[in-house]
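A.B. asks: Going down the list, the protein sequences come from chains A and B.
When we follow my numbering, the leftmost residue of the first sequence carries the number 128, and every step to the right adds one.
When we follow my numbering, the leftmost residue of the second sequence carries the number 128, and every step to the right adds one.
Just so you know, even glycine gets a beta-carbon here, dropped at the ideal spot from N, CA and C.
Please read all numbers here as calculations on a predicted model, not as lab measurements.
Have a look at the structure that comes next, please.
2 protein chains.
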Amino acid sequence: MRTLGLDIGGTFVKWAEIEGERGKIRTNRSAEGVISVIRGLIEEKKPDRVGIAVAGLVDLEGRVRHSPNLRWMEGINLRDEFDAVVLNDATAAAYGEYRAGAGRGRKVVLTVTLGTGIGGGLVISGMPFVGASGVALEPGHMIINPNGKPCNCGRRGCLEAYFSSYAIERDYFELKGEKAGIEEITKRYRAGEREAVEVIRAATKYLSIGISNLIMIVNPDIVVLAGGLAFDIPDLEDLLNLDLFGIQRTEIRKAELGEYSGALGAAFIASDNPRLLGT
Amino acid sequence: MRTLGLDIGGTFVKWAEIEGERGKIRTNRSAEGVISVIRGLIEEKKPDRVGIAVAGLVDLEGRVRHSPNLRWMEGINLRDEFDAVVLNDATAAAYGEYRAGAGRGRKVVLTVTLGTGIGGGLVISGMPFVGASGVALEPGHMIINPNGKPCNCGRRGCLEAYFSSYAIERDYFELKGEKAGIEEITKRYRAGEREAVEVIRAATKYLSIGISNLIMIVNPDIVVLAGGLAFDIPDLEDLLNLDLFGIQRTEIRKAELGEYSGALGAAFIASDNPRLLGT
C-alpha cells in the first residue's frame, strides 16, 4: 500500500512517504494554489491513502476552521476534496514521533510545538486524541497569568503571549530597543548576548509553567518538544516540576523527525488508520 | 454478575451496587479500620467483581501513593488486597457520570470535583483516561498565577490555592476578620452576604480560568461539576470562554449522581471492565 502524508503550512506544502522520499513545494498564499499543489502530488505519487496535516484547527468533518497562518484555507473541507484523513499538524507530529521518533513505544506521548504559536498533540495508548470536536490540545491558549500580556486570540495571559516567536521578538525589542527577528535573537542567545539571554530565560519560565500544567493534566511518559524554538531543554528541565508528587519523573526530549514530522505523522495515520480518540 | 463499588474518603467508606442498594460506613482513621470495613462489605455482599475509588493518587499497580486526606492509606496496595480495580475517585465519578449521569452518551466527559481540593476525571470514547502512571487529571495543581498564593503542594499559584474550601475559608477570614467554615460561608453567599459574595465571586473567576484551560487541552463535549462546591453554574458560565474559537460551545452541567458518584462509577468500571487509556 502506498501512503502519502502532506503537511500544509504557511509557505510550504511538505510531503512524505513512510519509507520513501520527502520534499517541500512553495505555494502561493491561496486555497487554489495549495489545492493544486496537493492535486499534483497525488497525481504524481498515486497513493492508496492520503493523510493531511494542517497548521490550524480542523473539525471532525475535515474542514479547516481556524488558522491564523493559513487564513486562505479556512472553510475548505480537505477530507471531501481529497478523500483524506485530515488532522491538526501537532497531532500528526505527535503520531509521527510515537511511531518513528522520540516517543516510540510510549504509552502517553505529548508533543508541544514551539514556533509562531504553541501547538500540542497527544497520542494515548497508540491512538491520536483529537477531542470531541477535533480541536483538543491548544496549550498556547492556556491562561497562565490572569490580567497578563495580551494574546493574539483577544484574551490576556495566554502561554503564547509569553513564549512564542512574536512574544520573544516583542520582549527583546522592549528590552533592547532594537528590532530583531526570532532567528537572530536565537543566534544572539546562543552567543550569550545579555539581553537575548534575559528575554529567552524569562519566556522559558512561562513555558515551563505551561508544560508543568500539561503534565498535571495529561500524565505523559514523555514530552516531545518540536518546532523552531525547541532549544535549550536542560534549562527547561531545571524549571519544570517533573516528578508528579514523587510518582513519576516525566521525560522531556527533542523531536527526532525534524521538519517532516507532520507530513510523516499524517502518512502513518493514513497507513495505520488508528481510532481517533474523542470521536 | 454482582458488582460492588466502593469509594474511600477521609471519614466514610461509601458503597454502591449498580442497580441496587447503597450506603456509607464511618471508619476510624487507620488503614486497618478501612480494610476491615471493606472486608466486611465484601463478605456481606459476595460480589463477583469489586471496584474501589480512592480520594488520592493511585498508581497503575493499585497502590495509594499520595493522599492528603487519607495519609493512613498511603502505600497500601488495594488491588492485591481485594483483587479489585482501583482508581482515583474523580476518574471513577467521571465514568459514573458517563454511564448513568450528566455525561451519558458523550464522547469526551470531563468531570471536575470541587471540595477540599480540586480533582479531575476524563472519559474518552467510553474509556477512563488514567495517564501513563495513573495520575492524570490533577487540575488543582495547574499553575494559573505565577508567584501567586502558596498552595498546600509547596508551589505557588495553583488553582487549589484560589478555589477550594481552604482557600475560600482563608480569603473570607482575611476579608471579614471572622472565622467560618465553608458550609457557613456558602450559606451566607446564598443569603447574599456582601463578604461571602465577594470572596466566592473572586474564587470563581480563578476556577473559570482553570476550567477554560482544561477545555483548551481536553476539548470535552461536556464538563460535569461535582462535589460540595459545585454551585453557581450560571455565574461560572458567564466567566468561561466556552466557544473554542467558534467551533464548539462546551456544555457545563452539575453532576447527577450525587455523593455516590465515586462508588457507582467504581461499580460500573468493575462491571464493564473498560480499557484504561494510557496504560
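(1) Taking Cβ positions only, does proline 277 of chain B come closer than 9 Å to chain A?
(2) So with CB distances below 7 Å, who are the chain A contacts of aspartate 186 of chain B?
(3) When the distance is taken between beta carbons, is leucine 184 of chain B closer than 9 Å to valine 191 of chain B?
(4) Is the distance from the Cβ of leucine 356 of chain A to the Cβ of valine 350 of chain A below 9 Å?
(5) Just the chain A side, please: which residues come within less than 8 Å of valine 262 of chain B by C-beta, in chain order?
(6) As a quick exercise: from B/Ile245, B/Arg198 and B/Arg153, pick the residue whose alpha carbon is nearest that of glycine 354 of chain B.
(7) Cβ atoms of leucine 131 of chain B and alanine 307 of chain B: under 9 Å apart, would you say?
(8) Buried or exposed: which applies to lysine 173 of chain B, given that a residue is buried once 16 or more other Cβ atoms fall within 10 Å of its Cβ?
(9) Alpha carbon to alpha carbon, what distance is there between glycine 160 of chain B and tyrosine 387 of chain B?
(10) Does any CB atom of chain B fall closer than 9 Å to the CB of leucine 341 of chain A?
(11) Are at least three pairs of beta-carbons, each pair with one atom in the segment 322-334 of chain A and one in the segment 286-293 of chain A, less than 8 Å apart?
(12) Using a Cβ-Cβ distance cut-off of 9 Å, determine whether glutamate 224 of chain B contacts chain A.
(13) Under 9 Å Cβ-Cβ, which residues of chain B neighbour serine 291 of chain A?
(14) Go through its chain and collect everything with a Cβ distance to glycine 242 of chain A's Cβ below 8 Å, but skip five positions before and after it.
(15) Taking isoleucine 338 of chain A as the reference, give the member of A/Gly319, A/Phe372, A/Ile379 and A/Leu384 with the closest Cα.
(16) Select from B/Gly248, B/Phe209, B/Pro277 and B/Asn272 the residue whose C-alpha is nearest the C-alpha of leucine 264 of chain B.
(17) Could you please tell me which residues of the segment 201-235 of chain A, in chain order, have their CB closer than 8 Å to any CB of chain B?
(18) Do you know how far the Cα of aspartate 399 of chain A is from the Cα of valine 140 of chain A?
(19) Assuming alanine 227 of chain B contacts leucine 384 of chain B under a Cβ cut-off of 8 Å, what Cβ separation, rounded to an integer in Å, is found between them?
(20) Leaving aside the five residues before and after glutamate 201 of chain B along the sequence, list all residues of the same chain whose C-beta is less than 8 Å from its C-beta, in chain order.
(21) Are glutamate 208 of chain A and isoleucine 135 of chain A closer than 9 Å when you measure CB to CB?
(22) With distances taken between CB atoms, is the gap from arginine 166 of chain B to serine 252 of chain A smaller than 9 Å?
(23) Residue range of the alpha helix (DSSP H) that phenylalanine 209 of chain A falls in?
(24) How about isoleucine 295 of chain A and valine 326 of chain A: are their beta carbons less than 9 Å apart?
(25) Please report whether the beta-carbon of tyrosine 387 of chain B lies at a distance below 9 Å from any beta-carbon of chain A.
(26) Leaving aside the five residues before and after isoleucine 203 of chain B along the sequence, list all residues of the same chain whose C-beta is less than 6 Å from its C-beta, in chain order.
(27) Would alanine 219 of chain A and proline 255 of chain A qualify as a contact pair, given that the criterion is a beta-carbon distance under 9 Å?
(28) I believe glycine 230 of chain B touches glutamate 224 of chain B by the beta-carbon criterion, under 8 Å. Please report the beta-carbon distance rounded to the nearest angstrom.
(29) Identify which residue in B/Arg328, B/Arg317, B/Asn279 and B/Lys234 has its Cα closest to the Cα of asparagine 196 of chain B.
(30) Using DSSP with H/G/I as helix, E/B as strand and the rest coil, what is threonine 406 of chain A?
(31) Comparing the C-beta of glutamate 265 of chain B with each C-beta of chain A, is any distance below 9 Å?
(32) Show which residues of chain A have a CB atom less than 8 Å away from the CB atom of threonine 331 of chain B.
(33) Could you give the residue range of the alpha helix (DSSP H) that holds alanine 219 of chain A?
(34) Our contact map puts alanine 143 of chain B next to alanine 390 of chain B with C-beta atoms below 8 Å; I'd like the distance itself, whole angstroms only.
(35) Along the chain, where does the beta strand (DSSP E) that runs through aspartate 134 of chain A open and close?
(36) Give the residues of chain A in contact with leucine 197 of chain B, contact being defined as C-beta atoms less than 9 Å apart.
C.D. replies: Straight from the coordinates:
(1) In the second sequence, counting from the first residue as 1, residue 277 of chain B sits at position 150. Output row for proline 277 of chain B: interface = no.
(2) Against the second sequence, residue 186 of chain B aligns to sequence position 59. Neighbours of aspartate 186 of chain B on chain A, chain order: Ile374.
(3) Along the second sequence, read from residue 1 onward, the residue named residue 191 of chain B stands at position 64. Along the second sequence, read from residue 1 onward, the residue named residue 184 of chain B stands at position 57. Yes, the Cβ-Cβ distance between valine 191 of chain B and leucine 184 of chain B is below 9 Å.
(4) Reading the first sequence from its first residue, position 229 is the one you call residue 356 of chain A. Reading the first sequence from its first residue, position 223 is the one you call residue 350 of chain A. For the pair leucine 356 of chain A and valine 350 of chain A, the CB atoms are not nearer than the 9 Å cut-off.
(5) Position 135 of the second sequence, counted from the start, is the residue given in the question as residue 262 of chain B. Neighbours of valine 262 of chain B across chain A, judged by C-beta separation under 8 Å: Asn346, Leu371, Phe372, Ile374 and Gln375.
(6) Position 227 of the second sequence, counting from 1, holds the residue named residue 354 of chain B. For glycine 354 of chain B, the nearest C-alpha among the options comes from B/Ile245.
(7) Counting from one through the second sequence, the residue named residue 307 of chain B turns up at place 180. Counting from one through the second sequence, the residue named residue 131 of chain B turns up at place 4. Between alanine 307 of chain B and leucine 131 of chain B, the C-beta gap is not smaller than 9 Å, which leaves the two residues out of contact.
(8) The residue labelled residue 173 of chain B in the question sits at position 46 within the second sequence. With fewer than 16 other Cβ atoms within 10 Å, it is exposed.
(9) Within the second sequence, numbered from 1, the residue matching residue 387 of chain B stands at position 260. Within the second sequence, numbered from 1, the residue matching residue 160 of chain B stands at position 33. Cα-Cα distance, rounded: 21 Å.
(10) Taking the first residue of the first sequence as 1, we reach residue 341 of chain A at position 214. By the rule that beta-carbons nearer than 9 Å mark a contact, leucine 341 of chain A touches chain B.
(11) In short, these stretches touch, since the Cβ pair count reaches three.
(12) Translated into the one-based positions of the second sequence, residue 224 of chain B becomes position 97. Taking CB atoms only, glutamate 224 of chain B has no neighbour in chain A less than 9 Å away.
(13) Here residue 291 of chain A refers to the residue found at position 164 of the first sequence. Simply none; closest approach about 15 Å.
(14) Stepping through the first sequence from its first residue, residue 242 of chain A is reached at position 115. The beta carbon of glycine 242 of chain A sits closer than 8 Å to the beta carbons of Ser291, Ser292, Gly354, Gly355 and Leu356 from its chain, once the five residues preceding and following it are set aside; these are given in chain order.
(15) Taking the first sequence and counting its residues from 1, the one referred to as residue 338 of chain A is at position 211. By alpha-carbon distance to isoleucine 338 of chain A, the top candidate from A/Gly319, A/Phe372, A/Ile379 and A/Leu384 is A/Ile379.
(16) Locating residue 264 of chain B in the second sequence gives position 137, counting from the first residue. Taking the Cα of leucine 264 of chain B as reference, the smallest distance to any Cα among B/Gly248, B/Phe209, B/Pro277 and B/Asn272 is reached at B/Gly248.
(17) Taken in chain order, the members of the segment 201-235 of chain A whose beta-carbon sits within less than 8 Å of a beta-carbon on chain B are Arg233, Lys234 and Val235.
(18) Indexing the first sequence from 1 puts residue 140 of chain A at position 13. Indexing the first sequence from 1 puts residue 399 of chain A at position 272. Computed Cα separation, rounded: 22 Å.
(19) As a first step, residue 227 of chain B is located in the second sequence; it is residue number 100 there, counting from the start. As a first step, residue 384 of chain B is located in the second sequence; it is residue number 257 there, counting from the start. About 7 Å separates the two Cβ atoms, so the contact holds.
(20) Locating residue 201 of chain B in the second sequence gives position 74, where the first residue counts as 1. Answer for glutamate 201 of chain B: Gly183, Val191, Arg192, His193 and Ser194, listed in chain order.
(21) For the purposes of this step, residue 208 of chain A is taken as the residue at position 81 of the first sequence. For the purposes of this step, residue 135 of chain A is taken as the residue at position 8 of the first sequence. Result no, Cβ atoms of glutamate 208 of chain A and isoleucine 135 of chain A do not sit closer than 9 Å.
(22) Reading the second sequence from its first residue, position 39 is the one you call residue 166 of chain B. Reading the first sequence from its first residue, position 125 is the one you call residue 252 of chain A. Cβ distance not < 9 Å, so arginine 166 of chain B and serine 252 of chain A don't count as in contact.
(23) The residue you call residue 209 of chain A lines up with position 82 of the first sequence. Taken as a continuous stretch (DSSP letters only), the alpha helix (DSSP H) holding phenylalanine 209 of chain A covers 205-209.
(24) Looking up residue 295 of chain A in the first sequence gives position 168. Looking up residue 326 of chain A in the first sequence gives position 199. Closer than 9 Å, so yes.
(25) Taking the first residue of the second sequence as position 1, residue 387 of chain B is located at position 260. For tyrosine 387 of chain B, the answer is no, since every Cβ of chain A falls outside 9 Å of its Cβ.
(26) By 1-based counting over the second sequence, the position of residue 203 of chain B is 76. Excluding its 5 nearest sequence neighbours in each direction, isoleucine 203 of chain B has C-beta neighbours in its own chain below 6 Å: Ala158 and Val191, listed in chain order.
(27) The count along the first sequence starts at 1 and reaches residue 219 of chain A at position 92. The count along the first sequence starts at 1 and reaches residue 255 of chain A at position 128. Yes; because the gap between Cβ atoms is below 9 Å, this pair is in contact.
(28) As a position in the second sequence, residue 230 of chain B is number 103, starting the count at 1. As a position in the second sequence, residue 224 of chain B is number 97, starting the count at 1. Contact flag correct, Cβ pair sits at about 4 Å.
(29) By 1-based counting over the second sequence, the position of residue 196 of chain B is 69. Among B/Arg328, B/Arg317, B/Asn279 and B/Lys234, the Cα nearest to that of asparagine 196 of chain B belongs to B/Asn279.
(30) Here residue 406 of chain A corresponds to residue number 279 of the first sequence, with the count starting at 1. Threonine 406 of chain A: coil per DSSP, three-state reduction.
(31) Against the second sequence, residue 265 of chain B aligns to sequence position 138. Residue-level contact check: glutamate 265 of chain B touches chain A, since one or more beta carbons of chain A fall below 9 Å from its beta carbon.
(32) Reading the second sequence from its first residue, position 204 is the one you call residue 331 of chain B. The premise fails here: threonine 331 of chain B is roughly 13 Å from chain A at the closest Cβ pair, so nothing lies under 8 Å.
(33) Numbered from its first residue, the first sequence carries residue 219 of chain A at position 92. 216-227 is the extent of the alpha helix (DSSP H) around alanine 219 of chain A.
(34) Indexing the second sequence from 1 puts residue 143 of chain B at position 16. Indexing the second sequence from 1 puts residue 390 of chain B at position 263. So it is a contact: roughly 4 Å between Cβ atoms.
(35) Here residue 134 of chain A refers to the residue found at position 7 of the first sequence. In this chain, the beta strand (DSSP E) harbouring aspartate 134 of chain A covers 130-135.
(36) Start at 1 with the first residue of the second sequence, and residue 197 of chain B comes out as number 70. Within 9 Å Cβ-Cβ: nothing; leucine 197 of chain B doesn't reach chain A, min ~14 Å.
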